[in-house]
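Participant:
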């Protein structure tokens, strides 16, 4: 690795570690003020990510995404960033604010044949993992390799919370995830963005997209139950809306059908509280339809 890259990697790790050290010590009033100001400034800048966010929110909600909704989504995004930084020092407080729906079915399946949980980029998925690890659901997951320094820092962070982490693109990941189910761990996977560009075609809020088959594939190969789950912020903390269980039939058609049912659950629940789906990357396929096309 060139010296410049080593310096950058060191700087990235130190930046994250500094944030994780001090994040939980910041006064909540100051945090709220910083988040609000960051959201307003980001909205005014109207950069590429904000335009992606506006389009995603419009198509999932079926209405034009005005500035109020986009700003609320940016507040949710920055709240997620802050809570990720605060988690190492404030895990007890943050986990205590998590409530659930559908937990009994997940617990029963985990004790019987295992469980796979599919999540969208909603709420705080790292907090969901921390809650799971502290609630009798040891988590095995996959992390996107944005860069070696970032991947190393976030793997260390998630491992400290009790998670087992595979790298996205690791050829041994699928076998490792299936093995994790057999070891009594819960496999939790972010499942809206098709990072590998090899997902299956589905309809999401009536729009054509591709979504990864990973959760359905692990459930199919391991025999585990598959639960689409959406995390959404509340004033007091966060709610994990677990299930309903999605059955996975054999073969490629079974994977496609299960992934479509996961998409249906995601779209329905995100539409009820779209501001917590802070997906700033492109998601919906061209061509545009619906309110964004009309605008």
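In the numbering used here, the protein residues as written are 103 to 397. Glycine included, every Cβ here is placed at the ideal spot set by N, Cα and C.
Would you call the CB atoms of residue 293 and residue 222 closer than 8 Å?
Facilitator: Translated into the one-based positions of the chain shown, residue 293 becomes position 191. Translated into the one-based positions of the chain shown, residue 222 becomes position 120. Yes, the Cβ-Cβ distance between residue 293 and residue 222 is below 8 Å.
Participant: With respect to the alpha helix (DSSP H) encompassing residue 64, which residues constitute its N-terminal and C-terminal limits?
Facilitator: Because residue 64 is not part of the residues shown, which for the chain are 103 to 397, the question remains open.
Participant: Which same chain residues, not among the five before or five after residue 245, have their C-beta less than 8 Å away from its C-beta?
Facilitator: One-based indexing of the chain shown puts residue 245 at position 143. Excluding positions up to five away in sequence, the list reads 253, 256, 257, 260, 267, 268, 269 and 270.
Participant: Among all the DSSP beta bridges, which residues are the ones paired with residue 203?
Facilitator: Counting from one through the chain shown, the residue named residue 203 turns up at place 101. In DSSP, residue 203 forms a bridge with 343.
Participant: Just the Cα atoms here: how many angstroms apart are residue 146 and residue 227?
Facilitator: By 1-based counting over the chain shown, the position of residue 146 is 44. By 1-based counting over the chain shown, the position of residue 227 is 125. Straight-line Cα distance between these residues: approximately 27 Å.
Participant: Curious, which full-length beta strand (DSSP E) runs of at least 3 residues does the segment 208-253 contain?
Facilitator: 217-221 and 241-245
Participant: Helix, strand or coil for residue 291? Go by DSSP, reduced to three states.
Facilitator: By 1-based counting over the chain shown, the position of residue 291 is 189. Correct three-state label for residue 291: strand.
Participant: Measure from the alpha carbon of residue 209 to the alpha carbon of each residue in 387, 333, 327 and 339, then state which is nearest.
Facilitator: Translated into the one-based positions of the chain shown, residue 209 becomes position 107. The shortest C-alpha separation from residue 209 is found at 327.
Participant: Is it buried or exposed for residue 137, if we count other Cβ within 10 angstroms and need 16 for buried?
Facilitator: The residue you call residue 137 lines up with position 35 of the chain shown. Looking at its Cβ environment, which holds 16 or more other Cβ atoms inside 10 Å, residue 137 is buried.
Participant: Considering just the uninterrupted stretch of the beta strand (DSSP E) at residue 180, what are its terminal residues?
Facilitator: Against the chain shown, residue 180 aligns to sequence position 78. No beta strand (DSSP E) holds residue 180; the alpha helix (DSSP H) holding it covers 169-198.
Participant: Residues in the same chain with beta-carbon distance under 7 Å from residue 224, minus the five sequence neighbours each way, listed in chain order, please.
Facilitator: Residue 224 sits at position 122 when you count from the first residue of the chain shown. So the qualifying residues of the chain are 332, 333, 334, 372, 378 and 379.
Participant: Are the beta-carbon atoms of residue 297 and residue 242 separated by less than 8 Å?
Facilitator: Walking along the chain shown from the start, residue 297 turns up at place 195. Walking along the chain shown from the start, residue 242 turns up at place 140. Going by C-beta atoms, residue 297 is not nearer than 8 Å to residue 242.
Participant: For residue 275, collect the residues of the same chain with a Cβ closer than 8 Å to its Cβ; drop the 5 residues on either side in sequence, then sort them by chain order.
Facilitator: On the chain shown, residue 275 is found 173 positions in, with the first residue counted as 1. The answer, listed in chain order, is 244, 268 and 269.
Participant: Return the CA-CA distance between residue 363 and residue 348, expressed in angstroms with no decimal places.
Facilitator: Taking the chain shown and counting its residues from 1, the one referred to as residue 363 is at position 261. Taking the chain shown and counting its residues from 1, the one referred to as residue 348 is at position 246. Cα to Cα, the separation comes out at about 7 Å.
Participant: Pop quiz: residue 232 and residue 263 are said to be a contact at Cβ under 8 Å. What is the actual Cβ separation, rounded to whole angstroms?
Facilitator: The residue given as residue 232 occupies position 130 in the chain shown. The residue given as residue 263 occupies position 161 in the chain shown. Between residue 263 and residue 232 the Cβ distance is about 5 Å, and since that is below 8 Å, they are a contact.
Participant: Is the beta carbon of residue 350 less than 8 Å from the beta carbon of residue 321?
Facilitator: Taking the chain shown and counting its residues from 1, one reaches residue 350 at position 248. Taking the chain shown and counting its residues from 1, one reaches residue 321 at position 219. Yes, the pair counts as a contact, with Cβ atoms nearer than the cut-off.
Participant: Can you check DSSP and say which residues form a bridge with residue 328?
Facilitator: As a first step, residue 328 must be located in the chain shown, where it is residue number 226. Answer by DSSP bridge pairing, in chain order: 218 and 348.
Participant: CB of residue 355 to nearest heavy atom of the ligand ZN: below 7 Å?
Facilitator: Annotation note on the ligand ZN: not contained in the displayed structure, which lists no ligands.
Participant: According to DSSP, simplified to helix, strand and coil, what is residue 153?
Facilitator: The residue labelled residue 153 in the question sits at position 51 within the chain shown. It is helical.
Participant: So which of 230, 273, 381 and 161 has the shortest CA-CA distance to residue 289?
Facilitator: Here residue 289 corresponds to residue number 187 of the chain shown, with the count starting at 1. Minimum Cα distance to residue 289 is reached at 230.
Participant: In angstroms, rounded to a whole number, what distance separates the CA positions of residue 359 and residue 165?
Facilitator: Taking the first residue of the chain shown as 1, we reach residue 359 at position 257. Taking the first residue of the chain shown as 1, we reach residue 165 at position 63. Taking the straight line joining both Cα atoms gives about 27 Å.
Participant: Flag this pair as yes or no: are the beta carbons of residue 141 and residue 176 separated by less than 8 Å?
Facilitator: Numbered from its first residue, the chain shown carries residue 141 at position 39. Numbered from its first residue, the chain shown carries residue 176 at position 74. In this structure, residue 176 lies closer than 8 Å to residue 141 by Cβ.
Participant: Could you tell me the alpha carbon to alpha carbon distance between residue 144 and residue 152, rounded to whole angstroms?
Facilitator: For the purposes of this step, residue 144 is taken as the residue at position 42 of the chain shown. For the purposes of this step, residue 152 is taken as the residue at position 50 of the chain shown. Answer to the nearest angstrom: the Cα atoms are 8 Å apart.
Participant: Taking residue 382 and residue 161 to be in contact with their CB atoms under 8 Å, please state how far apart those CB atoms are, rounded to whole angstroms.
Facilitator: Here residue 382 corresponds to residue number 280 of the chain shown, with the count starting at 1. Here residue 161 corresponds to residue number 59 of the chain shown, with the count starting at 1. Contact flag wrong, Cβ pair sits at about 14 Å.
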